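Asker: Per numbering that gives the first Met the number 0, the very first residue in the sequence shown carries number 0; after that it's consecutive. Here it is, the structure in full.
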Amino acid sequence: MALRSSYRTPFSDRSIAVSGTGIRLTFKLFASFLTVAVFLLLALSFLFTSSSDPSDLSVGNSHDLYRGGSLRRSVLALKSDPLKPRLDQIKKQADDHRALALAYASYARKLKLENSKLVRVFAELSRNFTDLISKPSYRTLFDSDGNSMNESVLRQFEKEVKERIKVTRQVVAEAKESFDNQLKIQKLKDTIFAVNEQLTKAKKQGAFSSLIAAKSIPKSVHCLAMKLMEERIAHPDKYTDDMKPTPPEFEDPNLYHYAIFSDNVLAASVVVNSAVKHSKDPSKHVFHVVTDKMNLGAMQVMFKMKDYNGAFIEVKSVEDYKFLNSSYVPVLKQLESAKLQQFYFENKLENATKDTTNMKFRNPKYLSILNHIRFYLPELYPKLHRILFLDDDIVVQKDLTGLWKIDMDGKVNGAVETCFGSFHRYAQYMNFSHPLIKEKFNPKACAWAYGMNFFDLDAWRREKLTEEYHYWQSL
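As structure tokens, then:
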């Protein structure tokens, strides 16, 4: 056993050495072959996937589907059309300028320029961009996946977009100054409107205050009528005229006669005092003062307490004229109307007036018979030929006897025409919605100042104007 072992050992070692070298060589060759095979397999798989139909990816297991989809997306990313970013940039510029045009159009509308040319221009510019993108020839650019984009079509689209952008920028540049001016104009209009509102309010307050001031008296004479009545009660014999005959001067047509109808004691005394003061011969002047029953006593005391340099003053109450009743005077009959009383006396919203001129006519004093007995002068003073009517807000500043020398030429009334503005027009005094009034009168005709009127009573009687007045009042 020992000899056999020693004999085979050298030979066996050599064989083992040769065999180990062969194995290493074979392994290297096999590894190289395997590497080449794998590389070829991957190359063939890659080429096959790029040339295959995308629908083929649906065949096979989920692992093959995922691997094939990833490879397809990689190929598309590598082969994206270079015109696509250019198209996106052009479209973005078009959208931006379209939005700019819409913004300016909206701003113009806020400035109340709906009817201006500028609003229409910006709206048209915005529509131009929308219409351009919506053209069928250019719509294919956006519907394409990028592989079949026509460069000539894109170039034409870019040209038209740039032209519209240029026009839009020019219009915006020209409109900026206009928008600044329009904003200033709008602010000025708002300011003017606010000032006009304040002016209208101030006019209303002024008109109302003037009405209050016209009826107001100084604080020192607030109780004037009461003090005069105290004087009358303290000395009844001194101020009574019941047993005294009527002076003939009251009916003498050769004297200068004045008619004053008022319930304001102080105002009536001012009219008489000023007329007497400036008259050349007060003894030829006769003043007929008519008031209401409540103020009769105070009025009588006022004119008896002072010497008027020989002027004659007659003080009577409207109730002393029995013919002035509702059966004869239309105004007194109208006072029984509930609608008329509501118009003048009820403080409701529908009675409020926005017209400061009409505020004067809503004064309830115009319902007083004292404001209407002037239309009955020929009947109040049947023996007189001429008479001068003075309102109680008149202050005489010169001798008035020259009025009696005027040739009236058969006319009834002599007065000062007031034709300034729109206040003293017939439209302010009469209801021109009535067809008869509209037919007979001109709404723009001038009225006259009613504070001082000189009447020819004979002409009045001849023309039967009181009956005419009743006719129009009864319509």
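Quick reminder that beta carbons are idealized off the backbone N, C-alpha and C, glycines included. The structure displayed is predicted, hence computed values, not measured ones.
May I ask you to list the residues that DSSP assigns as paired with Glu-313?
Answerer: Walking along the sequence shown from the start, residue 313 turns up at place 314. His-287.
Asker: By the 10 Å Cβ neighbour count, where 16 or more other Cβ atoms means buried, how is Arg-385 classified, buried or exposed?
Answerer: To locate residue 385, count along the sequence shown from 1; it is residue 386. Buried, because 16 or more other Cβ atoms sit within 10 Å of the Cβ of Arg-385.
Asker: By the three-class DSSP mapping on this structure, what secondary structure does Met-301 have?
Answerer: One-based indexing of the sequence shown puts residue 301 at position 302. DSSP places Met-301 in helix when its eight states are reduced to three.
Asker: Please name the residue in Phe-121, Ser-133, Lys-203 and Leu-227 whose C-alpha comes closest to that of Lys-175.
Answerer: Taking the first residue of the sequence shown as position 1, residue 175 is located at position 176. Ranking Phe-121, Ser-133, Lys-203 and Leu-227 by Cα distance to Lys-175 puts Phe-121 first.
Asker: Which term fits Asp-12, buried or exposed, when burial requires 16 or more other beta carbons within 10 angstroms of its beta carbon?
Answerer: Taking the first residue of the sequence shown as position 1, residue 12 is located at position 13. Per-residue confidence for Asp-12 stands at a pLDDT of 43, beneath the threshold of 50, marking its modelled position as unreliable; no derived number is given.
Asker: Have a look at Asn-452, His-433, Ile-393 and Asp-398 and flag the residue whose alpha-carbon is nearest the alpha-carbon of Val-415.
Answerer: Position 416 of the sequence shown, counted from the start, is the residue given in the question as residue 415. Checked all of Asn-452, His-433, Ile-393 and Asp-398; the closest Cα to Val-415 is Asn-452.
Asker: Please state if the CB of Leu-265 and the CB of Asp-211 are separated by a distance shorter than 8 angstroms.
Answerer: For the purposes of this step, residue 211 is taken as residue 212 along the sequence shown, with counting starting at 1. For the purposes of this step, residue 265 is taken as residue 266 along the sequence shown, with counting starting at 1. Sequence inspection shows Ile at residue 211; the Asp mentioned does not correspond to that position. No, they are not a contact pair.
Asker: Could you please give me the residues that DSSP links to Thr-417 through a beta bridge?
Answerer: The residue you call residue 417 lines up with position 418 of the sequence shown. Note: Thr-417 sits in a beta bridge opposite Ala-446.
Asker: Which of the three DSSP states is assigned to Tyr-425 in this structure?
Answerer: Locating residue 425 in the sequence shown gives position 426, where the first residue counts as 1. In this structure, Tyr-425 counts as helix in the three-state DSSP scheme.
Asker: Given His-469, which residues of its chain have a CB within under 8 angstroms of its CB, disregarding the five upstream and five downstream residues?
Answerer: In the sequence shown, residue 469 corresponds to position 470, counting from 1. Excluding sequence neighbours, His-469 sits near Pro-329.
Asker: By the three-class DSSP mapping on this structure, what secondary structure does Phe-453 have?
Answerer: Here residue 453 refers to the residue found at position 454 of the sequence shown. Of the three classes helix, strand and coil, the one that applies to Phe-453 here is strand, per DSSP.
Asker: Just the Cα atoms here: how many angstroms apart are Phe-388 and Asp-406?
Answerer: In the sequence shown, residue 388 corresponds to position 389, counting from 1. In the sequence shown, residue 406 corresponds to position 407, counting from 1. Looking at the two C-alpha atoms, the distance is approximately 17 angstroms.
Asker: Hey, could you find the ends of the beta strand (DSSP E) Ile-386 is sitting in?
Answerer: The residue given as residue 386 occupies position 387 in the sequence shown. From DSSP, the beta strand (DSSP E) with Ile-386 extends over 385–389.
Asker: Do Val-166 and Leu-124 come within 8 angstroms of each other at the CB atom, strictly closer than that value?
Answerer: Along the sequence shown, read from residue 1 onward, the residue named residue 124 stands at position 125. Along the sequence shown, read from residue 1 onward, the residue named residue 166 stands at position 167. Yes, they are a contact pair.
Asker: Helix, strand or coil: how does DSSP classify Tyr-257 here?
Answerer: Taking the first residue of the sequence shown as position 1, residue 257 is located at position 258. Three-state DSSP puts Tyr-257 in a strand.
Asker: Thinking C-alpha only, which one of Gly-409, His-371, Asp-262 and Ile-164 is nearest Ala-98?
Answerer: Counting from 1 along the sequence shown, the entry for residue 98 is found at position 99. Ala-98 has its Cα closest to that of Ile-164, out of Gly-409, His-371, Asp-262 and Ile-164.
Asker: Under 8 angstroms by Cβ, that's how I've got Leu-86 and Leu-140 pegged, so tell me the actual separation to the nearest angstrom.
Answerer: On the sequence shown, position 87 is the one that residue 86 refers to. On the sequence shown, position 141 is the one that residue 140 refers to. So it is a contact: roughly 6 angstroms between Cβ atoms.
Asker: Excluding the 5 residues preceding and the 5 following Val-220 in the sequence, name in chain order all residues of the same chain whose CB lies nearer than 8 angstroms to its CB.
Answerer: Translated into positions along the sequence shown, residue 220 becomes position 221. Result list for Val-220: Leu-265, in chain order.
Asker: CA-CA distance, Arg-373 and Phe-440?
Answerer: Numbered from 1 along the sequence shown, position 374 holds the residue referred to as residue 373. Numbered from 1 along the sequence shown, position 441 holds the residue referred to as residue 440. If you take the alpha carbons of Arg-373 and Phe-440, they lie about 22 angstroms apart.
Asker: Between which two residues does the alpha helix (DSSP H) harbouring Asp-236 extend?
Answerer: For the purposes of this step, residue 236 is taken as the residue at position 237 of the sequence shown. Taken as a continuous stretch (DSSP letters only), the alpha helix (DSSP H) holding Asp-236 covers 235–238.
Asker: With the cut-off set at 8 angstroms, would you say Gly-450 and Asp-398 are in Cβ contact?
Answerer: Within the sequence shown, numbered from 1, the residue matching residue 450 stands at position 451. Within the sequence shown, numbered from 1, the residue matching residue 398 stands at position 399. It is not a contact, given that the beta carbons lie outside the stated cut-off.
Asker: Roughly how many whole angstroms lie between the Cα atoms of Ser-273 and Lys-410?
Answerer: Your numbering for residue 273 matches position 274 in the sequence shown. Your numbering for residue 410 matches position 411 in the sequence shown. Using only the alpha carbons, I get a separation of about 28 angstroms.
Asker: With DSSP as the reference, label Gly-324 as helix, strand or coil.
Answerer: Taking the first residue of the sequence shown as 1, we reach residue 324 at position 325. Per the sequence shown, residue 324 should be read as Asn rather than Gly. In this structure, Asn-324 counts as coil in the three-state DSSP scheme.
Asker: Measuring CA to CA, which of Ser-136, Lys-90, Asp-390 and Leu-227 is closest to Asn-370?
Answerer: For the purposes of this step, residue 370 is taken as residue 371 along the sequence shown, with counting starting at 1. Out of Ser-136, Lys-90, Asp-390 and Leu-227, Asp-390 has the C-alpha closest to the C-alpha of Asn-370.
Asker: Evaluate contact between the segment 277–292 and the segment 248–260, counting only Cβ atoms and requiring at least three cross-stretch pairs below 8 angstroms.
Answerer: With a cut-off of 8 angstroms, the segment 248–260 and the segment 277–292 count as touching, because enough Cβ pairs lie within range.
Asker: Given this structure, state the Cα-to-Cα distance separating Glu-173 from His-433, to the nearest angstrom.
Answerer: In the sequence shown, residue 173 corresponds to position 174, counting from 1. In the sequence shown, residue 433 corresponds to position 434, counting from 1. Roughly 56 angstroms between the two C-alpha positions.
Asker: Ignore the nearest five residues each way along the sequence and tell me which others in Ala-351's own chain have a CB closer than 7 angstroms to its CB.
Answerer: Along the sequence shown, read from residue 1 onward, the residue named residue 351 stands at position 352. The predicted position of Ala-351 is uncertain, since its pLDDT is 46 and thus under 50; a value taken from the coordinates is nonetheless stated next. None.
Asker: Could you compute how far the alpha carbon of Leu-464 sits from the alpha carbon of Leu-474?
Answerer: Translated into positions along the sequence shown, residue 464 becomes position 465. Translated into positions along the sequence shown, residue 474 becomes position 475. Approximately 16 angstroms, taken between the alpha carbons.
Asker: Specify the secondary structure class of Ala-76 as computed by DSSP and reduced to three states.
Answerer: Reading the sequence shown from its first residue, position 77 is the one you call residue 76. Because Ala-76 sits at a pLDDT of 45, beneath the cut-off of 50, its placement in the model cannot be relied upon, and the following sentence gives the value as read from the coordinates. Ala-76 falls in the helix class under three-state DSSP.
Asker: Under three-state DSSP, which class holds Asn-294?
Answerer: By 1-based counting over the sequence shown, the position of residue 294 is 295. The answer is helix: DSSP assigns Asn-294 an H, G or I state.
Asker: Which residues mark the beginning and the end of the alpha helix (DSSP H) in which Tyr-468 is found?
Answerer: Residue mapping note: residue 468 aligns to position 469 of the sequence shown, counting from 1. Its alpha helix (DSSP H) spans residues 464–472.
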